[in-house]
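Engineer: Numbering (full-length UniProt numbering), first residue to last: 1 to 482.
Don't be surprised by glycine CBs; every beta carbon is placed ideally from N, CA and C.
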């Protein structure tokens, strides 16, 4: 079966090699998207892309005539270079598709950002600052395209690509203007940081991670990017808290609640476990502080159970209120930091209906529990139990069965089955696992109704977010592969 067709059946994006990638990406051993004049990896990392410093030889008439059309079109999509003849009012080009994204944002942003009020002030700020802060409008369009990619299966790939292009352009424009922050631009800069954080968090959580190490690398990169951009507006934080944005973006609620002591009991067992452990004091204190912020998120949600918007915003605030020392411990893969991350997975799972999170929380819990080993099983009891009503005596069986299923399912299906499949019936991922492994699903019924109904119905094919993509299956072929 051709690789392109096999990739389509599997629901995974085809691997795109970057033989002509920039030198910086090659040195870092990461895949370059080859966007010129600056590739996306260099823009996000704040590096000077070698494409910018490469001076191409002047093309002759023959070279110009033989330039492929698709190369010209590709360059039109790239972030524009600064030239001497640019007028003060020149800016990024916008297409009819971009106008579609803008209209979609105007109609739906309050819903897909979990806002209690209308999102029109965000749209207005983006349009009013389109000249002095064009990066905000690009990021509004990027987030709109990203949300559309989760709603429209047919055009999902195209929408994701355009979301990435717009985000890359926005970051390029922001990097050029970030040193010029003033009273006139702190509002669009703050909004840009908030929307960028949503965008990159979704990308980080929904990306397919086969190992915990891969997830931690991406998550730490997200933390550093979001916190770094947000820190630029720190000197104007008082102004933001007393502006019209505070209710819209939940900044006042988050700021006030941050100072409150965590009072809930959900994290008590891990807190006691960490205090009694012999791990390094610096790492332990940082992990305890991050764990307190987990309890803080849970407490906020319990205080206002009737508001569906508070929980998601509190969960998204956690990466901004944890100490730098915890991020360093997470980067070093310290087990106590990884276990705290599993608790974050539990609150992600609680709010899995919010599209930014999806089913990423359950996968994160599985990866952590599989990695840290049995020594931490007691400390992980609460995250594991958050997936369903599991009794302590059944934790070993429950976790082992589910984790092995999640981690081995994709490999077995790819290698043993897909090469032999042709015209097949289609089911959505929410039904795929039950259809493929009915006996496994039945065996989970004894673990509690929530696990039996929820955990095995998550498809590892499309990652933890895109649960509406159709996946071809064939029951008899799968049974032979088992």
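Cutting at 8 Å between CB atoms, please list the residues of its own chain near residue 355, excluding the five before and the five after it.
Structural biologist: 112, 147, 150, 202 and 465
Engineer: Could you tell me how far apart the beta carbons of residue 266 and residue 295 are, in whole angstroms, since I believe they sit closer than 8 Å?
Structural biologist: Right, the Cβ-Cβ distance comes to about 6 Å (below 8 Å), so this counts as a contact.
Engineer: In angstroms with no decimal places, state the Cα-to-Cα distance between residue 50 and residue 268.
Structural biologist: Using only the alpha carbons, I get a separation of about 50 Å.
Engineer: Mind checking whether residue 383 and residue 345 have CB atoms under 8 Å apart?
Structural biologist: yes
Engineer: Residue 325 to residue 387, Cα distance in whole Å?
Structural biologist: 29 Å
Engineer: Would you mind working out which of 323, 313, 310 and 381 sits nearest residue 287, comparing C-alpha positions?
Structural biologist: 323
Engineer: Cα-Cα, which of 153, 122 and 169 is closest to residue 94?
Structural biologist: 169
Engineer: Mind checking whether residue 141 and residue 192 have CB atoms under 8 Å apart?
Structural biologist: No Cβ-Cβ contact shorter than 8 Å links residue 141 with residue 192.
Engineer: Using 10 angstroms around the beta-carbon of residue 97, count the other beta-carbons present and answer buried if the total reaches 16, otherwise exposed.
Structural biologist: exposed
Engineer: Taking C-alpha atoms, which residue in 99, 27, 195 and 121 lies nearest to residue 244?
Structural biologist: 121
Engineer: Within its chain, find whatever has a CB closer than 6 Å to the CB of residue 107; leave out the 5 residues flanking it on each side and keep chain order.
Structural biologist: none
Engineer: Count the other CB atoms, across all protein chains shown, that sit within 10 Å of the CB of residue 138; report buried if there are 16 or more and exposed otherwise.
Structural biologist: buried
Engineer: Buried or exposed for residue 373, please, with buried defined as at least 16 other CB atoms from any protein chain shown within 10 angstroms of its CB.
Structural biologist: exposed
Engineer: For residue 359, which option in 206, 223, 35 and 162 has the closest C-alpha, if you only look at C-alpha atoms?
Structural biologist: 206
Engineer: Identify whether residue 175 lies in helix, strand or coil by the three-state DSSP scheme.
Structural biologist: helix
Engineer: Report the option in 200, 212, 236 and 241 whose CA atom is closest to the CA atom of residue 226.
Structural biologist: 200
Engineer: Just the C-alpha distance for residue 212 and residue 184, rounded to the nearest angstrom, thanks.
Structural biologist: 42 Å
Engineer: Provide the residue span of the alpha helix (DSSP H) that contains residue 154, from first to last.
Structural biologist: Counted as a single uninterrupted DSSP element, the stretch harbouring residue 154 is not any alpha helix (DSSP H), since DSSP gives it neither H nor E.
Engineer: For residue 294, which of helix, strand or coil comes out of DSSP?
Structural biologist: Here residue 294 carries a helix assignment [DSSP, helix/strand/coil].
Engineer: Let's see if you can read the secondary structure: which residues bound the alpha helix (DSSP H) around residue 130?
Structural biologist: Boundaries for residue 130: no alpha helix (DSSP H) harbours it, and the DSSP string shows neither H nor E there.
Engineer: Tell me the DSSP secondary structure of residue 234 in three-state form.
Structural biologist: helix
Engineer: Closest to residue 234 by CA distance: which of 181, 166 and 38 is it?
Structural biologist: 181
Engineer: Measure the alpha-carbon distance for residue 48 versus residue 176 and round it to whole angstroms.
Structural biologist: 12 Å
Engineer: Whole angstroms is fine: what's the gap from residue 33's alpha carbon to residue 135's?
Structural biologist: 20 Å
Engineer: How many Å lie between residue 161 and residue 197 at the Cα?
Structural biologist: 18 Å
Engineer: Can you tell me whether residue 20 is buried or exposed? The criterion is at least 16 other CB atoms within 10 Å of its CB, across all chains shown.
Structural biologist: It is exposed - the Cβ of residue 20 has fewer than 16 other Cβ atoms within 10 Å.
Engineer: Looking at residue 319: is its Cβ nearer than 8 Å to the Cβ of residue 171?
Structural biologist: no
Engineer: CA-CA distance, residue 273 and residue 24?
Structural biologist: 43 Å
Engineer: With a cut-off of 8 Å on the beta carbons, I'd call residue 348 and residue 368 a contact; round off their distance for me.
Structural biologist: That belief does not hold up - the Cβ atoms of residue 348 and residue 368 are roughly 12 Å apart, past 8 Å.
Engineer: Give the secondary structure of residue 20 by DSSP, where H, G and I count as helix, E and B as strand, and everything else as coil.
Structural biologist: coil
Engineer: Taking all protein chains shown into account, do 16 or more other C-beta atoms lie within 10 angstroms of the C-beta of residue 154, making it buried, or fewer, making it exposed?
Structural biologist: exposed
Engineer: Closest to residue 103 by CA distance: which of 123, 291, 115 and 375 is it?
Structural biologist: Nearest option by C-alpha distance: 123.
Engineer: Taking C-alpha atoms, which residue in 297, 353 and 275 lies nearest to residue 379?
Structural biologist: In terms of CA proximity to residue 379, 275 leads the group 297, 353 and 275.
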